[in-house]
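*Asks:* Right, I'll just put the structure down here and ask away after.
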Amino acid sequence: MDNIVVADKQSEVATQSAWGNINLNAPSVVQVPVSPDKVATVTQRGQDLIVTLKSGEKITIGNFFAVDQAGVGSDMVFVGEDGTLWHAQYDAAAFTGFTFEEVASLDELVAGIGTAGSAMPTWAIAGLSLLGVGGAAAAADNGGGGSSGGSDPDTSAPATPIDLLVSPDGLRLTGRGEAGTTVNIRDAAGNLIGSGTVGADGNFNVTLNAPQINSENLDVTLTDAAGNVSAPGTVTAPDATAPLAPTDLAIDEQGNTLTGRAEPGSTVSVRGAGGVLLGTAVAGADGQFSITLQPPQIDGQALEISAADAAGNISPVASITAPDVDTPDTTAPEQPTDLALADGVTFTGRGEPGATVQVRDAAGNLIGTGVVGADPPHCHRGSSTPL
């Protein structure tokens, strides 16, 4: 792309700058080597002018809207591919964009410097001729101005819309694009779910037919008055939809592992009494998960399981009851104490309540049995005499 030419109105010195950001030190004429139909948006930010082309290229001209003590401001000229010069006229008091008026060649320079936004702008920068750049006097706004010839049809598509954003409630989509173009928004299936118009400032705000709150991928295109359609811009809607409650829950017999299904990629949490976290896992691409429980749940506990997606949305709670497993008693009773054989028949002593007492002689023969009660038990040698 050709350089941008900046001509200082006070010094009449013209300089060339590469495409990019430019800062003006005094009121100037800025010549941009593109035709007006290549411009997507022009916006004011403080004293700066931001020009965005349909190609996506952007230039920021610092202090463009600043004026000197005499009220003189800056002008901008766009150059068509055929060399036609287009003076960008604007209202400096309330900037809403440019209107373009064709100006003649350097041969028609007139004396004086024009004031930005005046009804009859005239400006002349002799220094431009040093760089081979055309300049001209704008025709008076009395019917004598305007283009001296026809223009080529607009076959240039608008630039892809930018700064796309869906509102948190999923009901509106905002962005930026070529002023005056029609905005069309489509879902992944190609259905039109919203349309609107880009304002003069290049901004648009479109109401969507239905809330988009589940990470939907949306395409946004711009169509100009000539029917040219931009390449689509894409945006992902917010995720404000909670996952479904986990399903297919099961706990193994040992109470060590809980399995089930949940939204793929969601984090599944298991909680016990009082909300104590017992374990977590991430559901796989197929939705399956397996969680190791710490500690194992084997006493019939009621467990609650939920899934949280990446956006922090939490599913309803699903419930399951842990298995109730009887743990075998492998601990031997304490040795019996306080043993006594008072009358040679009745044997007394103390031991673990409920334990069975066996009395054997020196040869190992069973000579009496009994059960330890709440009080010291007694047993006997022989089956005919009650204990």
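Residues 1 to 387, numbered by full-length UniProt numbering, are exactly what the sequence shown covers, in order. A virtual CB, placed ideally from N, CA and C, is assigned to each residue, including glycine.
Run through DSSP, which three-state label would residue 231 get?
*Replies:* Here the question's residue 231 lines up with position 231 in the sequence shown. Residue state, collapsed to three classes: coil.
*Asks:* Taking the C-alpha atoms as reference points, what is the distance between residue 373 and residue 245?
*Replies:* The residue you call residue 373 lines up with position 373 of the sequence shown. The residue you call residue 245 lines up with position 245 of the sequence shown. Each residue's alpha carbon lies about 52 Å from the other.
*Asks:* In the DSSP output, which residue or residues are listed as bridge partners for residue 175?
*Replies:* Position 175 of the sequence shown, counted from the first residue, corresponds to residue 175. DSSP output for residue 175 lists 204 as bridge partner(s).
*Asks:* How close, in whole Å, do the beta carbons of residue 293 and residue 258 come, if the pair is a contact with beta carbons under 8 Å?
*Replies:* In the sequence shown, the residue the question calls residue 293 occupies position 293. In the sequence shown, the residue the question calls residue 258 occupies position 258. Going by Cβ atoms, the distance from residue 293 to residue 258 rounds to 6 Å, so yes, they are a contact pair.
*Asks:* Give the C-beta separation of residue 72 and residue 27 to the nearest angstrom, bearing in mind that I take them to be a contact with Cβ-Cβ under 8 Å.
*Replies:* Taking the first residue of the sequence shown as position 1, residue 72 is located at position 72. Taking the first residue of the sequence shown as position 1, residue 27 is located at position 27. Yes, they are in contact, since the Cβ atoms of residue 72 and residue 27 sit about 5 Å apart, within 8 Å.
*Asks:* Any contact of the region 211 to 231 with the region 248 to 257, i.e. 3+ C-beta pairs under 8 Å?
*Replies:* no
*Asks:* Classify residue 25 as buried or exposed, calling it buried when 16 or more other Cβ atoms lie within 10 Å of its own Cβ.
*Replies:* Locating residue 25 in the sequence shown gives position 25, counting from the first residue. With fewer than 16 other Cβ atoms within 10 Å, it is exposed.
*Asks:* What do you reckon, are the CB atoms on residue 359 and residue 368 nearer than 7 Å?
*Replies:* In the sequence shown, counting from the first residue as 1, residue 359 sits at position 359. In the sequence shown, counting from the first residue as 1, residue 368 sits at position 368. Yes, Cβ-Cβ distance for residue 359 and residue 368 is below 7 Å.
*Asks:* Return the chain-ordered list of same chain residues with a C-beta closer than 8 Å to the C-beta of residue 353, the five sequence neighbours on each side being excluded.
*Replies:* Here residue 353 refers to the residue found at position 353 when the sequence shown is read from its first residue. 372, 373, 374.
*Asks:* Secondary structure at residue 88, three-state DSSP: helix, strand or coil?
*Replies:* As a first step, residue 88 must be located in the sequence shown, where it is residue number 88. Strand at residue 88.
*Asks:* Given a threshold of 16 other Cβ atoms within 10 Å of its Cβ, counted over all protein chains shown, does residue 231 qualify as buried or as exposed?
*Replies:* Reading the sequence shown from its first residue, position 231 is the one you call residue 231. Result: exposed.
*Asks:* Looking at residue 329: is its Cβ nearer than 7 Å to the Cβ of residue 300?
*Replies:* As a working mapping, residue 329 is identified with position 329 in the sequence shown. As a working mapping, residue 300 is identified with position 300 in the sequence shown. Not a contact, by the Cβ cut-off of 7 Å.
*Asks:* Are three or more beta carbon pairs between the region 188 to 195 and the region 81 to 100 nearer than 8 Å?
*Replies:* no
*Asks:* Can you tell me which of the three DSSP states residue 38 falls into?
*Replies:* Sequence index remark: in the sequence shown, residue 38 carries index 38 (1-based). Of the three classes helix, strand and coil, the one that applies to residue 38 here is helix, per DSSP.
*Asks:* Below 8 Å, can you find three or more Cβ-Cβ pairs linking the region 178 to 187 to the region 216 to 234?
*Replies:* yes
*Asks:* Are the CB atoms of residue 60 and residue 52 nearer to each other than 7 Å?
*Replies:* In the sequence shown, residue 60 corresponds to position 60, counting from 1. In the sequence shown, residue 52 corresponds to position 52, counting from 1. For residue 60 and residue 52, no; Cβs fall outside 7 Å.
*Asks:* For the candidate residues 251, 188, 315, whose alpha-carbon lies nearest to that of residue 234?
*Replies:* Your numbering for residue 234 matches position 234 in the sequence shown. The candidate whose alpha carbon is nearest that of residue 234 is 188.
*Asks:* What is the DSSP secondary structure of residue 14, counted as helix, strand or coil?
*Replies:* If you number the sequence shown from 1, residue 14 lands on position 14. Here residue 14 sits in strand by DSSP.
*Asks:* Excluding five sequence neighbours on each side, which residues of the same chain lie with their C-beta closer than 8 Å to the C-beta of residue 280?
*Replies:* In the sequence shown, the residue the question calls residue 280 occupies position 280. Hits under 8 Å: 267, 268, 269, 270, 291.
*Asks:* Please list, in chain order, all residues of the same chain as residue 361 whose beta carbon is under 6 Å from its beta carbon, the five residues on each side excluded.
*Replies:* Locating residue 361 in the sequence shown gives position 361, counting from the first residue. Cβ-Cβ distances below 6 Å link residue 361 to 367 in the same chain, with the five nearest sequence neighbours on each side left out; the list follows chain order.
*Asks:* Which class does residue 274 belong to by DSSP, given the choice of helix, strand or coil?
*Replies:* Here the question's residue 274 lines up with position 274 in the sequence shown. It is helical.
*Asks:* Taking C-alpha atoms, which residue in 216, 83, 327 lies nearest to residue 33?
*Replies:* Position 33 of the sequence shown holds residue 33. Out of 216, 83, 327, 83 has the C-alpha closest to the C-alpha of residue 33.
*Asks:* In whole angstroms, what is the alpha-carbon distance linking residue 224 and residue 178?
*Replies:* On the sequence shown, position 224 is the one that residue 224 refers to. On the sequence shown, position 178 is the one that residue 178 refers to. Those two C-alpha atoms are separated by around 8 Å.
*Asks:* Output yes or no for whether 7 Å exceeds the beta carbon distance between residue 287 and residue 261.
*Replies:* Residue 287 sits at position 287 when you count from the first residue of the sequence shown. Residue 261 sits at position 261 when you count from the first residue of the sequence shown. In this structure, residue 261 lies closer than 7 Å to residue 287 by Cβ.
*Asks:* For residue 98, report the span of its beta strand (DSSP E) as first-last.
*Replies:* The sequence position of residue 98 within the sequence shown is 98, counting from 1. It is not in any beta strand (DSSP E) - residue 98 carries neither H nor E in the DSSP assignment.
*Asks:* Taking only the alpha-carbon atoms, compute the straight-line gap between residue 335 and residue 357 and give it to the nearest angstrom.
*Replies:* Working through the sequence shown from its first residue, we reach residue 335 at position 335. Working through the sequence shown from its first residue, we reach residue 357 at position 357. Between residue 335 and residue 357, the C-alpha separation is close to 11 Å.
*Asks:* Measure the alpha-carbon distance for residue 45 versus residue 274 and round it to whole angstroms.
*Replies:* Counted from its first residue, the sequence shown places residue 45 at position 45. Counted from its first residue, the sequence shown places residue 274 at position 274. Spanning the two alpha carbons is a distance of roughly 56 Å.
*Asks:* Excluding five sequence neighbours on each side, which residues of the same chain lie with their C-beta closer than 6 Å to the C-beta of residue 95?
*Replies:* In the sequence shown, counting from the first residue as 1, residue 95 sits at position 95. Result list for residue 95: 44, in chain order.
*Asks:* Would you mind sorting residue 309 into buried or exposed? The rule is 16 or more other CB atoms within 10 Å of its CB.
*Replies:* The sequence position of residue 309 within the sequence shown is 309, counting from 1. It counts as buried.
*Asks:* Would you mind stating whether residue 156 and residue 243 have Cβ atoms separated by less than 7 Å?
*Replies:* By 1-based counting over the sequence shown, the position of residue 156 is 156. By 1-based counting over the sequence shown, the position of residue 243 is 243. Not a contact, by the Cβ cut-off of 7 Å.
*Asks:* Please say whether residue 217 and residue 236 have beta carbons closer to each other than 7 Å?
*Replies:* Here residue 236 refers to the residue found at position 236 of the sequence shown. Here residue 217 refers to the residue found at position 217 of the sequence shown. Cβ distance < 7 Å, so residue 236 and residue 217 count as in contact.
*Asks:* If you count every other CB in all the chains shown that lies within 10 Å of the CB of residue 74, and 16 or more means buried, which is it?
*Replies:* For the purposes of this step, residue 74 is taken as the residue at position 74 of the sequence shown. It is buried - the Cβ of residue 74 has at least 16 other Cβ atoms within 10 Å.
*Asks:* Quick one: grab the DSSP three-state call for residue 297.
*Replies:* Numbered from its first residue, the sequence shown carries residue 297 at position 297. Three-state DSSP puts residue 297 in coil, outside helix and strand.
*Asks:* Go ahead and pull the three-state DSSP assignment for residue 213.
*Replies:* Within the sequence shown, numbered from 1, the residue matching residue 213 stands at position 213. Of the three classes helix, strand and coil, the one that applies to residue 213 here is coil, per DSSP.
*Asks:* Quick one: residues in its chain with C-beta nearer than 8 Å to the C-beta of residue 66, no 5 flanking neighbours on either side, listed in chain order?
*Replies:* Here the question's residue 66 lines up with position 66 in the sequence shown. Cβ within range, chain order: 24, 27, 47, 73, 74.
*Asks:* Could you compute how far the alpha carbon of residue 85 sits from the alpha carbon of residue 265?
*Replies:* The residue given as residue 85 occupies position 85 in the sequence shown. The residue given as residue 265 occupies position 265 in the sequence shown. Near 58 Å, if we compare the C-alpha coordinates of residue 265 and residue 85.
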